[in-house]
Amino acid sequence: MPLLPVPPTVSSTHRLALDPIATPERLLLGPGPSNAHPTVLQALARMPIGHLDPLYIELMGEVQELLRYAWQTDNRLTIPMSGTGSAAMEATLANTIEPGDKVLVAVMGYFGQRLVDMAGRYRADVVTIERPWGEAFDLAELEAALITHKPAILAMVHAETSTGVCQPMDGIGDLCRRHDCLLLLDTVTSLGAVPLYIDAWKVDLAYSCSQKGLSCPPGLGPFTMGPRAEAKLAARSGKVPNWYLDVSLLNKYWGSDRVYHHTAPVNMNFGMREALRLLAEEGLEAAWARHRSNAERLWAGLERLGLELHVSEPLRLPTLTTVRIPEGVDGKAFSRHLLDRFGIEVGGGLGDLAGKVWRIGLMGYNSTPENVDRLLDLFASELP
Ligand code: PLP
């Protein structure tokens, strides 16, 4: 009789004995994630259904259609990427860049720099123009750069979460058409909260996230691609160098064939459907106006307290406000105090603005006058 092999003994080295998860109440007034809407959380908690179930296929169509509404686009290829905003960001670049393509990135903050890094990894010939952190680009400098560099793609950020600047978009799409390049726009901190018109602005590629203006937890990255970008994808000489984010494969699942690509995160899409349903119920104009008026309430209150806002009024982003940390105040210690004592999260500065500003987010479900007043009261009573 041959001896049966002895299985290895099971080690308990990594076997933690934990209580079920319990998270504290937090009011997330930083750069994101923002608090999720309660009915979005209910949608997320539903039992999963199959990702090829006819009911799920119907839900996919609803999510696509509502994303088109949120973005004001008729783009056929409008889908939530399974992943965070960075996955959708990478999808825009991976699908359209061919090695050696010139990509011009207009950098005015941290997320512009991320576009530079990602485009380079897809072997684009990346060139940049830059503005100091807190400013935006004007048409003349964009046109001069398009003439000098003749890029295949101009990539830029609509709502720079690192600086609190909203890039004015009038005329940029026309410039790109005139100079025969695609316009790629980061709308992570604007979708659902700040006026945004993908088709009217002639934007060819855009991406966003679930966790800010849409009041959903992080986990999905809305993505949209217009006909000019689709034509560039169709004309590629080689495969898209990223299997997971290849839109030509993904479209076989999201389009009419319904062929398995990857197992869709079905519950995240339940949450996304509910978040977009709430946005459609409120109406874009009302949602944009709510974000604007709560931001103005915050700006006025902070200035009344003698604090200085980093961005000039016309460029200020309603979803994210950068406030200069006053001389002699430890900005990190103050944010920590708000979190520990009151359960309120406020962000610190990133990159060039590290240690210089706080970043206050009023996004989606959290954009209310009550939240603004609560925070202003705490700035008044707690700031040393
Ligand atoms: N772009 C901008 C403007 C952002 O603010 C963020 C995240 O905050 C991203 C891209 C990346 O998104 P995510 O962190 O969801 O991957």
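Take 1309 as the starting number for the sequence shown in the working numbering and just add one per residue. A virtual CB, placed ideally from N, CA and C, is assigned to each residue, including glycine.
Determine whether the beta carbon atoms of residue i and residue j lie at a separation below 8 Å.
i, j, result
"S1342", "S1523", "yes"
"G1521", "G1672", "yes"
"L1462", "L1491", "yes"
"L1493", "A1514", "yes"
"T1627", "A1501", "yes"
"V1465", "A1432", "no"
"A1444", "Q1421", "no"
"L1401", "Y1430", "yes"
"G1655", "A1662", "no"
"L1337", "L1670", "yes"
"G1651", "Q1519", "no"
"L1349", "I1357", "no"
"A1460", "D1512", "no"
"L1686", "L1646", "yes"
"I1633", "W1607", "no"
"N1602", "T1495", "no"
"T1404", "A1537", "yes"
"A1351", "F1578", "yes"
"L1691", "V1637", "yes"
"L1623", "V1473", "yes"
"T1347", "E1593", "no"
"V1415", "E1438", "yes"
"E1635", "R1334", "no"
"M1576", "V1371", "no"
"A1588", "L1374", "yes"
"I1387", "L1558", "yes"
"G1428", "V1434", "yes"
"T1471", "G1417", "yes"
"L1450", "I1480", "yes"
"L1610", "A1399", "no"
"E1678", "S1545", "no"
The beta strand (DSSP E) spanning residue i covers which residue range?
i, result
"D1494", "1490–1494"
"G1529", "1528–1533"
"V1465", "1461–1465"
"L1553", "L1553 -> no beta strand (DSSP E), and no H or E assigned at all."
"L1385", "1385–1390"
Which residue marks the beginning of the alpha helix (DSSP H) containing residue i, and which one marks its end?
i, result
"S1643", "1639–1650"
"S1394", "1393–1404"
"P1362", "1362–1379"
"P1346", "1346–1352"
"L1483", "1480–1486"
"M1477", "Per DSSP, M1477 belongs to no alpha helix (DSSP H) and is neither H nor E."
"T1456", "1447–1457"
"G1609", "1592–1612"
List the residues that DSSP assigns as beta-bridge partners of residue i.
i, result
"E1694", "This structure gives no information on residue 1694, because the portion of the chain shown stretches from 1309 to 1692."
"T1732", "Here the chain covers residues 1309 to 1692 and nothing more, so residue 1732 does not appear."
"Y1673", "According to DSSP, Y1673 bridges with nothing at all."
"S1320", "According to DSSP, S1320 bridges with nothing at all."
"A1514", "L1493, T1532"
"K1410", "D1433"
"L1499", "L1499 pairs with nothing; no bridge assigned."
"V1473", "E1468, R1624"
"E1690", "According to DSSP, E1690 bridges with nothing at all."
"G1656", "W1666"
"E1443", "W1441"
Compute the beta-carbon to beta-carbon distance between residue i and residue j, rounded to the nearest angstrom, for a pair I have assumed lies under 8 Å.
i, j, result
"I1668", "V1631", "6 Å"
"G1527", "T1321", "G1527 to T1321, Cβ: 31 Å. No contact."
"H1570", "S1390", "7 Å"
"M1368", "W1562", "6 Å"
"I1506", "T1532", "6 Å"
"S1260", "L1541", "Any property of residue 1260 remains undetermined from this structure, which presents the chain solely from 1309 to 1692."
"H1359", "V1574", "5 Å"
"L1696", "A1467", "In the structure as shown, the chain begins at 1309 and stops at 1692. Residue 1696 is therefore absent and cannot be evaluated."
"K1510", "C1484", "7 Å"
"L1454", "H1487", "4 Å"
"R1612", "V1680", "No, R1612 and V1680 are not in contact; Cβ-Cβ is about 12 Å, not under 8 Å."
Does the beta-carbon of residue i, which I'm using as the reference point, lie nearer than 7 Å to any heavy atom of ligand 2?
i, result
"L1335", "With respect to ligand 2, the structure shown offers nothing to examine, as its ligands consist of ligand 1."
Any C-beta of chain B sitting closer than 8 Å to the C-beta of residue i?
i, result
"E1621", "Absent from the structure: chain B. Only one protein chain is present."
| Taking any heavy atom of ligand 1 as the mark, which residues have a C-beta closer than 7 Å to it, listed down the chain? | P1339, G1340, T1392, G1393, S1394, A1395, M1397, F1419, R1422, V1465, A1467, E1468, T1469, D1494, V1496, T1497, C1517, Q1519, P1526, G1529
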